[in-house]
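Going by the UniProt record's numbering, the letters in the sequence shown line up with residues 1 to 367, in that order.
C-beta atoms are modelled at their ideal positions from N, C-alpha and C, and glycine is treated no differently.
This one's a predicted model, so the numbers in the text were calculated from it and none came from an experiment.
First up is the structure itself, then whatever we jot down about it.
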Amino acid sequence: GLDVCVCASGSLRVLMASSAPVLLSMLLAVCTAFNLDPLVSVVKSGGRRSLFGFSVALHQDQSSGAYRLLVGAPMERAEPGVLANRTGGVYVCPISSDPGDCTRDLIEDMWLGVSVASQGPPGGRVLACGHRFAKLYGAYRLRHMTGRCYVRGNHLQYNDSDAHWQNPDQVCSGEVMCTMGMSAAISQTEIIVGSPGSFDWQGTSKNTASHPKPVQASRGGCVYSYVCAGNVHDDARGSVFLALKSSSGLQILQRLRGEQTGSYYGNALAVLDLNNDGWNDLLVGAPFFFQRLEEVGGAVYVYLNTGGRFDSRPTLVLRGPQHSAFGMSLCAAGDLDQDGFQGKASGQSWGRSWGRSWERSWGRSWG
């Protein structure tokens with residue numbers, strides 16, 4: 001089915017969905033269940049203390065049709081010859097059973113890989129950001145942590161025609177701690193980046209169009225009709241806001257709350273149709289959720305969409321191993337095994353002191 005990547009900062013696993021129809025006689029009611037297949041999974045691992053799996057995205061090579069995972073490792077060591085210790089990096093991983101066949105790609109610098117995104121067809125570009133990029137300003141050479149994002153073409157190489165995507169207007173140049181690129185998304189026409197340090201740490205999003213024009217910033221502005229936004233510090237437990245975008249601004253439709261103080265509920269979000277009912281479902285990561293007695297570290301909450309709304313209680317909660325930060329990043333991984341169901345990819349940055357990523361798949365059974 002449409003498979004899913006779940007990251008527990010340190011690793012990434014891709015779990016394939018299975019569809020198992022079951023026929024029960026003398027029953028008129030239809031029961032539906034959603035299954036994860038832990039036996040059919042793809043695991044990718046990165047370097048020690050690199051935070052491999054901090055961010056993850058699915059990318060398709062348009063010439064070959066092959067899918068690859070883009071995995072951020074923002075604490076990765078510098079390449080040989082670079083005058084720095086840790087620069088961060090982005091890895092490209094084939095969908096295979098080999099956990100160590102990822103290759104380092106794109107330009108490395110300033111926690112690059114804290115967020116990664118794929119544009120998808122027809123554009124097929126790749127976006128990678130590093131929020132700790134800093135510039136020196138004024139006579140006193142004050143250090144402003146503005147952040148920076150890079151765009152690469154479908155083959156992960158720079159294209160001069162994409163220069164206007166690179167945010168030349170330096171919208172954060174007037175702010176000391178903009179940290180632009182902490183989160184990021186790319187559509188066919190626009191790039192949307194989060195900058196939580198803006199407006200005295202109130203945070204904002206900044207939109208830039210594919211046709212060159214000045215970047216517009218707004219406190220919560222977005223290009224989509226419906227918006228999902230996480231707030232990990234709300235009421236200490238975190239929350240996710242579902243909003244409708246209109247000409248007058250954002251109208252809050254629903255608020256989902258985390259269950260544990262300090263869990264960072266809302267740190268990562270993914271939207272995909274898990275059960276093929278035509279409605280997009282919601283996954284919410286809480287990488288610092290823990291249960292000491294059960295040795296749980298990190299969680300992903302699954303909310304199935306019921307006619308445009310989500311129940312306040314999750315349909316399913318996935319939990320990772322202790323100290324793994326499971327759910328640090330999430331992405332919809334597409335229907336990799338062609339069974340008609342979507343999947344997800346997730347990362348854990350601190351599993352066994354190195355990074356790891358994995359994918360999971362969803363299936364449906366009828367009875």
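Count the other C-beta atoms from every protein chain shown that fall within 10 angstroms of the C-beta of residue 293, then say buried if there are 16 or more, exposed otherwise.
Walking along the sequence shown from the start, residue 293 turns up at place 293. Per the 10 Å Cβ criterion, exposed.
Under 9 Å between C-beta atoms of residue 132 and residue 151:
Along the sequence shown, one-based indexing puts residue 132 at 132. Along the sequence shown, one-based indexing puts residue 151 at 151. Not in contact: residue 132 and residue 151 (Cβ atoms no closer than 9 Å).
Helix, strand or coil for residue 235 per DSSP?
Counted from its first residue, the sequence shown places residue 235 at position 235. Reduced to three states, the DSSP call for residue 235 is helix.
Can you tell me the Cα-Cα spacing of residue 269 and residue 315, whole angstroms?
Residue mapping note: residue 269 aligns to position 269 of the sequence shown, counting from 1. Residue mapping note: residue 315 aligns to position 315 of the sequence shown, counting from 1. Using only the alpha carbons, I get a separation of about 16 Å.
Measuring alpha carbon to alpha carbon, tell me which of 248, 235, 236 and 257 ends up nearest residue 242.
Residue numbering aside, residue 242 sits at position 242 when the sequence shown is read from its first letter. Comparing Cα-Cα distances from residue 242 to each of 248, 235, 236 and 257, the minimum goes to 257.
Under 9 Å between the Cβ atoms of residue 53 and residue 76?
As a position in the sequence shown, residue 53 is number 53, starting the count at 1. As a position in the sequence shown, residue 76 is number 76, starting the count at 1. No, the pair does not count as a contact, with Cβ atoms beyond the cut-off.
Where residue 85 falls, given that 16 or more other Cβ within 10 Å makes a residue buried:
For the purposes of this step, residue 85 is identified with residue 85 of the sequence shown, where counting begins at 1. Within a 10 Å sphere around the beta-carbon of residue 85 sit fewer than 16 other beta-carbons, which makes this residue exposed.
Can you give me the C-alpha to C-alpha distance between residue 156 and residue 61, rounded to a whole angstrom?
On the sequence shown, residue 156 is found 156 positions in, with the first residue counted as 1. On the sequence shown, residue 61 is found 61 positions in, with the first residue counted as 1. Between residue 156 and residue 61, the C-alpha separation is close to 9 Å.
Take the Cβ of residue 265 as the centre, count every other Cβ of all protein chains shown within 10 Å, and call the residue buried at 16 or more, exposed below.
For this step, residue 265 is matched to residue 265 along the sequence shown. With 16 or more other Cβ atoms within 10 Å, it is buried.
Can you list, in chain order, the stretches of the beta strand (DSSP E) that have 3 or more residues and sit fully within the segment 91 to 126?
103 to 105 and 115 to 118
Residue 263 to residue 236 span [Cα, whole Å]:
Translated into the one-based positions of the sequence shown, residue 263 becomes position 263. Translated into the one-based positions of the sequence shown, residue 236 becomes position 236. Distance from the CA atom of residue 263 to the CA atom of residue 236, rounded to whole angstroms, is 8 Å.
Residue 364 - DSSP class collapsed to helix/strand/coil:
Locating residue 364 in the sequence shown gives position 364, counting from the first residue. Interpretation of residue 364 is limited by its pLDDT of 44, a score under 50 that renders its predicted location unreliable; the figure taken from the coordinates is listed afterwards. Residue 364: strand per DSSP, three-state reduction.
Less than 9 Å between the beta carbons of residue 228 and residue 57, yes or no?
Within the sequence shown, numbered from 1, the residue matching residue 228 stands at position 228. Within the sequence shown, numbered from 1, the residue matching residue 57 stands at position 57. Not in contact: residue 228 and residue 57 (Cβ atoms no closer than 9 Å).
Pick from 231, 271 and 308 that is closest to residue 286, judged by C-alpha positions:
Locating residue 286 in the sequence shown gives position 286, where the first residue counts as 1. Here the closest residue by C-alpha is 231.
Is it the case that the Cβ atoms of residue 328 and residue 308 are separated by a distance below 9 Å?
For the purposes of this step, residue 328 is taken as the residue at position 328 of the sequence shown. For the purposes of this step, residue 308 is taken as the residue at position 308 of the sequence shown. Contact flag unset, no.
With the cut-off set at 9 Å, would you say residue 182 and residue 194 are in Cβ contact?
Translated into positions along the sequence shown, residue 182 becomes position 182. Translated into positions along the sequence shown, residue 194 becomes position 194. Yes, the pair counts as a contact, with Cβ atoms nearer than the cut-off.
Quick one: what does DSSP say residue 162 is sitting in, helix, strand or coil?
Within the sequence shown, residue 162 is the residue found at index 162, counting from 1. Looking at residue 162 - three-state DSSP - the assignment turns out to be helix.
Under 9 Å between the Cβ atoms of residue 94 and residue 70?
Here residue 94 refers to the residue found at position 94 of the sequence shown. Here residue 70 refers to the residue found at position 70 of the sequence shown. Taking 9 Å as the Cβ cut-off, residue 94 and residue 70 do not qualify as a contacting pair.
Residue 187 (DSSP reduced to helix, strand or coil):
Locating residue 187 in the sequence shown gives position 187, counting from the first residue. The answer is coil: DSSP assigns residue 187 none of H, G, I, E or B.
Would you report the Cα separation of residue 188 and residue 117, rounded to the nearest angstrom?
Here residue 188 refers to the residue found at position 188 of the sequence shown. Here residue 117 refers to the residue found at position 117 of the sequence shown. Near 12 Å, if we compare the C-alpha coordinates of residue 117 and residue 188.
Is DSSP giving residue 285 helix, strand or coil here?
Here residue 285 corresponds to residue number 285 of the sequence shown, with the count starting at 1. Reduced to three states, the DSSP call for residue 285 is strand.
Helix, strand or coil at residue 198 according to DSSP, with G and I counted as helix
As a first step, residue 198 is located in the sequence shown; it is residue number 198 there, counting from the start. DSSP places residue 198 in the helix class (H, G or I) of the three-state scheme.
Environment of residue 295 [buried if 16+ CB atoms lie within 10 Å]:
Taking the sequence shown and counting its residues from 1, the one referred to as residue 295 is at position 295. Exposed: under 16 other Cβ atoms inside 10 Å.
Output the distance between the C-alpha atoms of residue 191 and residue 100, rounded to the nearest integer angstrom.
Counting from 1 along the sequence shown, the entry for residue 191 is found at position 191. Counting from 1 along the sequence shown, the entry for residue 100 is found at position 100. Each residue's Cα considered, the two are about 31 Å apart.
Option in 153, 149 and 186 with minimal Cα separation from residue 179
In the sequence shown, the residue the question calls residue 179 occupies position 179. Relative to the Cα of residue 179, the nearest Cα in the group 153, 149 and 186 belongs to 149.
Alpha carbon to alpha carbon, what distance is there between residue 282 and residue 244?
What you label residue 244 is simply residue 244 of the sequence shown in a count that begins at 1. What you label residue 282 is simply residue 282 of the sequence shown in a count that begins at 1. Those two C-alpha atoms are separated by around 16 Å.
Please go through the same chain and pick out, in chain order, the residues whose beta-carbon is closer than 7 Å to the beta-carbon of residue 140, but skip the five residues on each side of it.
Taking the sequence shown and counting its residues from 1, the one referred to as residue 140 is at position 140. Here the set comprises nothing.
With DSSP collapsed to three states, give me the class of residue 43.
By one-based count along the sequence shown, residue 43 stands at place 43. Strand, per DSSP.
CB contact flag (residue 90, residue 128, <9 Å)
The sequence position of residue 90 within the sequence shown is 90, counting from 1. The sequence position of residue 128 within the sequence shown is 128, counting from 1. Yes.
DSSP on residue 226, reduced to helix/strand/coil?
Residue mapping note: residue 226 aligns to position 226 of the sequence shown, counting from 1. The answer is strand: DSSP assigns residue 226 an E or B state.
Pick from 278, 98, 142 and 49: whose alpha carbon is nearest that of residue 41?
Indexing the sequence shown from 1 puts residue 41 at position 41. Residue 41 has its Cα closest to that of 98, out of 278, 98, 142 and 49.
Return helix, strand or coil for residue 309, following the three-state DSSP convention.
Against the sequence shown, residue 309 aligns to sequence position 309. Residue 309 falls in the coil class under three-state DSSP.
Cross-strand partners of residue 67 (DSSP beta bridge):
The residue you call residue 67 lines up with position 67 of the sequence shown. For residue 67, which the question treats as bridged, DSSP gives the partners 60.
With DSSP as the reference, label residue 176 as helix, strand or coil.
Sequence index remark: in the sequence shown, residue 176 carries index 176 (1-based). Assigned with DSSP and collapsed to three states, residue 176 falls in coil, not helix or strand.
Bounding residues of the beta strand (DSSP E) (the contiguous stretch that carries residue 80)
By one-based count along the sequence shown, residue 80 stands at place 80. From DSSP, residue 80 is part of no beta strand (DSSP E); its letter is neither H nor E.
Identified DSSP bridge partners for residue 241
Position 241 of the sequence shown, counting from 1, holds the residue named residue 241. For residue 241, which the question treats as bridged, DSSP gives the partners 229 and 255.
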